[in-house]
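Residue numbers for the sequence shown follow full-length UniProt numbering, beginning at 1 and rising by one. Every residue gets a Cβ at the ideal spot worked out from N, C-alpha and C, and that includes glycine. This structure is a prediction, so every number in the text was calculated from the model and none was measured. Below: the structure, in C-alpha cells.
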Amino acid sequence: MRESQEKATSTSPFKFKELKVYNSTEYLWDNGKKYRQVFDRFETAYIYTELSLFNKRFDEEDWSLHVDLKCFRSTEQGKTEICTLSIDKEVSRFDHIVFLREGWGNQKQGTFWNAGTYYWEAYIGGQKVGSKYFYVIEPAEYRDTDDRDDEEEPRMPDKYLKLLSVKLYEGPYDDVSEDDRIYLRQFSSQETRYIYLELLFENLQQEQDWHLELFTKFQNEAREVKGQVARLQSVKSDQDTIKVTAGWGAANPNLWREDNYTADIVFLDSLLASIRFSVRDEAVAGNPSVYLPGSDRPVVLNSDDDESGTFEDIMVNLDALIGLHEVKQQMRDHAVYIQFLQLRQQRGFAMDTGIDVHAVFSGNPGTGKTTVARMMGKLYKKMGLLSSGHTVVADRVDLVGEYIGQTAPKTREVIESARGGVLFIDEAYSLARSNDDGKDFGREVIEILVKEMSNSTGDLAVIVAGYTEEMVRFLDSNTGLKSRFKHHYEFRNFLPQELSRIAVYSANQLGVKLTLEAKALVDETITQAFRDRDRTFGNARYVHDLIEKAKVQMALRLMSRDETGATLSNDHLSTIEAADVRKIKLLPSQERPTIPVNEPLLSATLTELDSLVGMDNIKDQLNELVRLVRYYRKTNRDVLNAFQLHTVLVGNPGTGKTTIARILATLYNALGILERGHIVETDRQGLVAGYVGQTAEKTARVIEEAIGGVLFIDEAYSLTQLKTSQRGDFGDEAIQTLLKRMEDQRGEFFVCVAGYPDNMDSFLKANPGLSSRFDKVLRFEDYSPKQLTEIAERMFQQRKAQLTGPARTHLENYLTFLYKYRDSYFGNARTVRQIVVDILRRHDLRQASEDRAQSSKRCRILKVDVEHLKLDTKELSIQRKRIGF
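Rendered as C-alpha cells:
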C-alpha cells in the first residue's frame, strides 16, 4: 500500500501546498486575500476557500485537474455537509503554482452562516489532499436575530473584547515565562531576537464560548511589513480576561535594525490598536505608546495601573505611604486648594491663571519620587485636570537625540505619549550640563518643555526629579524653568525606624515574614547602612534588596535540608530566620580560583622585560615580585589575596610606562595573580561622559572590560585637573566610581595610572582615597645619553638599517646634547623614534637624488644623513618643534 502511494505521489503532476479560508474578495497585493479562520456572522455573506498546488509539470506541459471542495459543519453529534463544489481546471505549464477558489453562502450578510465550527476539505481523484477549520461567531445579545442596526451599533470587534493592557518584551523563539519578562518600550539592535506583544483584553462575551483570532503586523517606519503573526485561541465563558502573546523575529540578534516600528493588531478585519516602539543601541524599560482607532493621540495601557477608587481613596493610599510626612501634607494642601479654585470657578469667579500642575521632586534615590508621581497623576485625573492620569517615566536618553535634528521629534513623541497624564523626567539635571555648552542637545529639550508648559493645549503635568543640589542648577540653567514650576517637593532620606517599617512591608510584598531575631538583625543592618550613607544611599530600594537577598538565603537553607520540599510546611517556606540575614554579610568573601604559574609565559615575559633598555629599578622590583610569588606557593600561602597590585607609573614622556603596563598584565597572568591577564587602555575621554549620571555608567563599563586583567589609565591626572577651575567636573565622578570598584573587587582586576611626576603627585593628593588604594609606585627615570643611543641603534636594526662609525658618533653627541638641555617636555624614547624616522627619511631622499638603488638589504646610514642635527642651543627650539617635541 505504501509503495503504491509513493508511486502515485511521484507520478502526480502536483504537490499540495495549502488550503486557506477568507470571506472578502477584495484584491490585495500579489493576488492575495484577507485569509483568516474566524468570521462574525453579521459581517459574512460568502465564505471562500483557496486551494493552492505546486505544479510539478511547470515549464513542461499543460494538464487537466478535477477538484472537489466540500464544506462541513462540526457538532457534538457529528458532521453535517454544507456543500460540495466540483471544479475542472486546465493547468498551464506557465503557472508554477495553481490556485482554485470557490465559496458558499448567501448574498445578504448574516442570513446563511450560523455560529459554529466548520471546515473545508479538498479532494483530487477521490483522495483528500487537505482540510482547514474555520469558525463563525456572533455576540450573545444577537443570538436568534437575523439583523442588526449598523447605524447605531458600535464596531463588531468592540462587542467581543476591550483592550486593557499592551506590553512589549524581548525573548527567544520559545517565548519567556511571565516572571522573567522585562517590559520595554525601546529595544537593543544588538541583543534583540524576538519582539513579543503581551495583550490583555476584557472578555465581553462571558455568556458563551467563542474563538478569537488576532493578527499582529510588524511594520517599519516606511510602513513596509517586517513580519506577521496570527494567533487563534478558544475563549471560555468563565474567562474574565484574555491574555494573548505574539512575537516575531529571529533566533539570533541583528534582524531588528535601528528604526521606528509599528505593530498593528487586527481582529475581524478591523484595526484594534497600533503600538509604536523603537529599536536603538540600548534597550529602555517602560510601556509603549498605543494609538486607538479614531484617535490621533497616543495612550499608555498598563493593566498594573489602578484606575479605580474615589478622590478620598487616592488620598488614603497616599497617607498609607511610610514616611514622607512633609510631602503628603503638601500634596493634600495642594489638592484642597485645587478644589477651592474649582469651586470658585463653578460659582462664576474669573480665573486669573490656570491651575498649576507641574512640579519639582528633589531628593536621593529610593525616597518614593516615582511612586508619588504616579499617585499625583491619578489624583489629577480624579480632579478633572488630566484625561487619563497615566505616568510616563523618561530620562535624558529617552529625550535627547544623537545627531542634530533628532532631539525635537524624539522629545515631542515622548510628550505626546504622556499627554493626558504625567511626564516624569528622572535625573532631569542631566539635560543641563554644569559647563556652558550651548551645543548640548539637552538644552533643546529644556526649551521644548518650557514651550510645552507655556503655550500648549495642556492635558499634561510635567514632574522633574533628581538630587537636590543638581536640581537647583537645573532650574537656574534656563530663565523660563523656575517660573513654570510652582510646586517644589523635598523627599528627604527615610529614618531608620521608617526603613524598618519598609522592611516589613517589603517582606509582605515578597510573601515572607521575619522572626524576631531576624528582624532585629535587619534593623541593625539598616541602621549601620543609614550611618554610612552618602548621597547615593538607596533608601527603600536598599531595604527591598536586603529582604530579597534574605529570601534567597532562606530558599538555599530549606532546599539543602529537603530538596523535594515534602517535609516543609507553609510556615517553613515563608519564614526568614536570623541565619539567613547573617549569610548576606558573608556573601562578598568568595573563594578565588587557584591558578598555577605559567612557566613558559613567565620566562618569555621576563626575557622581554630584561631586553628593555635601562629601567634597572623597575626590573628589580618585578623580579622581587616573582620570587615572592614562588615562595608563597612553596609555603602554601594565599597568593591571590596577598597581592593588591594597583600601581602608579610616574615618569616623563617616552620612558616606557605603557610598555611596562602591558608587561605587568602578562606577568600577573603568568604568575596566576590575574585570571585573564589582558590590558584595557583608556584615558579621560574613555571614562568621562558629557553630563551628570552618565560618567559612572561609562566608567563601570570600562571596568567590566578590565575584570581579570589590568585597567591602564594614561594621563590619569586629567581626571582631577579641571576640579579647581570648573565646579562639578565629571572626572571626580569617574574617580569615585573607580575607587569603589577597586575596593569592592580587590584582586579581581588591577589599575595602573600613568602620568608626569608633578601632575601625578597632584592627582594622588586630589582625593583622600586615591593614595591609599595604590600599593605600588614605579618611577621611570629619563634615559641616559648612552641608553638613548642604544635605543636608537635598536630602532635602526628593526628597520634593517646600520649606522656607520662617524654617523653613530655624531648621533651619540647629539643625544648627549639633548639630554643636557632637556626640559619637562623631553620625549626620551619617543624623541629618539622621531629622530630615527627623520634620519631614515633623509637617507632615502639622498639615495633618490643620487638615482641609485640600495644594493644591500640593509641600508647604511652615513654621517651626511645625520649632519642636520646641530649641537646648537639656538636651533634647539626649532628642532624640537620639527621633530615632534
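Going along the chain, which residues of its own chain have a beta-carbon closer than 7 Å to the beta-carbon of residue i, five neighbours each way excluded?
{"i": "residue 306", "result": "Residue placement at residue 306 is poorly supported in this model, since its pLDDT is 47, which falls under 50; the coordinates are not used for a value here."}
{"i": "residue 368", "result": "321, 324, 491, 540"}
{"i": "residue 912", "result": "Residue 912 cannot be examined here, being either before or after the span of the chain that is shown, 1 to 885."}
{"i": "residue 510", "result": "547, 548, 551"}
Does DSSP classify residue i as helix, strand or coil?
{"i": "residue 297", "result": "coil"}
{"i": "residue 217", "result": "strand"}
{"i": "residue 235", "result": "strand"}
{"i": "residue 442", "result": "helix"}
{"i": "residue 182", "result": "coil"}
{"i": "residue 537", "result": "coil"}
{"i": "residue 434", "result": "Bear in mind that a pLDDT of 48 at residue 434, under 50, signals an unreliable position, so the number given afterwards is only what the model happens to contain. Note: residue 434 maps to coil in three-state DSSP."}
{"i": "residue 308", "result": "Because the pLDDT at residue 308 is just 47, under 50, the model does not fix this residue reliably, and the value given afterwards should be weighed accordingly. It is coil, neither helix nor strand."}
{"i": "residue 228", "result": "strand"}
{"i": "residue 291", "result": "strand"}
{"i": "residue 113", "result": "coil"}
{"i": "residue 53", "result": "strand"}
{"i": "residue 208", "result": "coil"}
{"i": "residue 776", "result": "strand"}
{"i": "residue 570", "result": "helix"}
{"i": "residue 63", "result": "strand"}
{"i": "residue 487", "result": "strand"}
{"i": "residue 451", "result": "helix"}
{"i": "residue 394", "result": "strand"}
{"i": "residue 18", "result": "strand"}
{"i": "residue 175", "result": "coil"}
{"i": "residue 848", "result": "helix"}
Near residue i, what residues of its chain come up, given a Cβ to Cβ distance below 6 Å and the 5 sequence neighbours on each side ignored?
{"i": "residue 577", "result": "515, 518"}
{"i": "residue 98", "result": "53, 55, 91"}
{"i": "residue 249", "result": "193, 194, 195, 255"}
{"i": "residue 689", "result": "695, 698"}
{"i": "residue 530", "result": "496"}
{"i": "residue 81", "result": "72"}
{"i": "residue 748", "result": "707"}
{"i": "residue 96", "result": "55, 58"}
{"i": "residue 17", "result": "52, 53, 54"}
Which one of the options has the shortest CA to CA distance from residue i?
{"i": "residue 173", "options": "165, 156, 195", "result": "195"}
{"i": "residue 645", "options": "355, 677, 654, 545", "result": "677"}
{"i": "residue 132", "options": "349, 803, 52", "result": "52"}
{"i": "residue 420", "options": "389, 432, 446", "result": "389"}
{"i": "residue 840", "options": "829, 860, 751", "result": "860"}
{"i": "residue 291", "options": "163, 701, 35", "result": "163"}
{"i": "residue 790", "options": "802, 710, 779", "result": "802"}
{"i": "residue 483", "options": "500, 215, 453, 473", "result": "453"}
{"i": "residue 622", "options": "635, 168, 668, 651", "result": "668"}
{"i": "residue 606", "options": "561, 553, 657, 663", "result": "663"}
{"i": "residue 868", "options": "849, 842, 661", "result": "842"}
{"i": "residue 782", "options": "441, 771, 761, 821", "result": "821"}
{"i": "residue 232", "options": "107, 238, 245", "result": "245"}
{"i": "residue 416", "options": "101, 461, 25", "result": "461"}
Residue i bridges to which residues according to DSSP?
{"i": "residue 130", "result": "122"}
{"i": "residue 40", "result": "137"}
{"i": "residue 378", "result": "Its beta-bridge partners do not exist; DSSP assigns none."}
{"i": "residue 97", "result": "54"}
{"i": "residue 264", "result": "217, 274"}
{"i": "residue 199", "result": "166, 244"}
{"i": "residue 465", "result": "361"}
{"i": "residue 575", "result": "513"}
{"i": "residue 651", "result": "780"}
{"i": "residue 81", "result": "72"}
{"i": "residue 682", "result": "713"}
{"i": "residue 886", "result": "The structure shown does not extend to residue 886, since the chain is modelled only from 1 through 885, so no value can be given for it."}
Which same chain residues, not among the five before or five after residue i, have their C-beta less than 8 Å away from its C-beta?
{"i": "residue 872", "result": "none"}
If residue i sits next to residue j, beta carbons under 8 Å apart, how far is it from one beta carbon to the other, in whole angstroms?
{"i": "residue 521", "j": "residue 582", "result": "7 Å"}
{"i": "residue 393", "j": "residue 424", "result": "5 Å"}
{"i": "residue 830", "j": "residue 600", "result": "Their Cβ separation, rounded to whole angstroms, is 32 Å, which puts residue 830 and residue 600 out of contact at 8 Å."}
{"i": "residue 188", "j": "residue 257", "result": "Not a contact, Cβ separation roughly 12 Å."}
{"i": "residue 366", "j": "residue 542", "result": "6 Å"}
{"i": "residue 660", "j": "residue 778", "result": "7 Å"}
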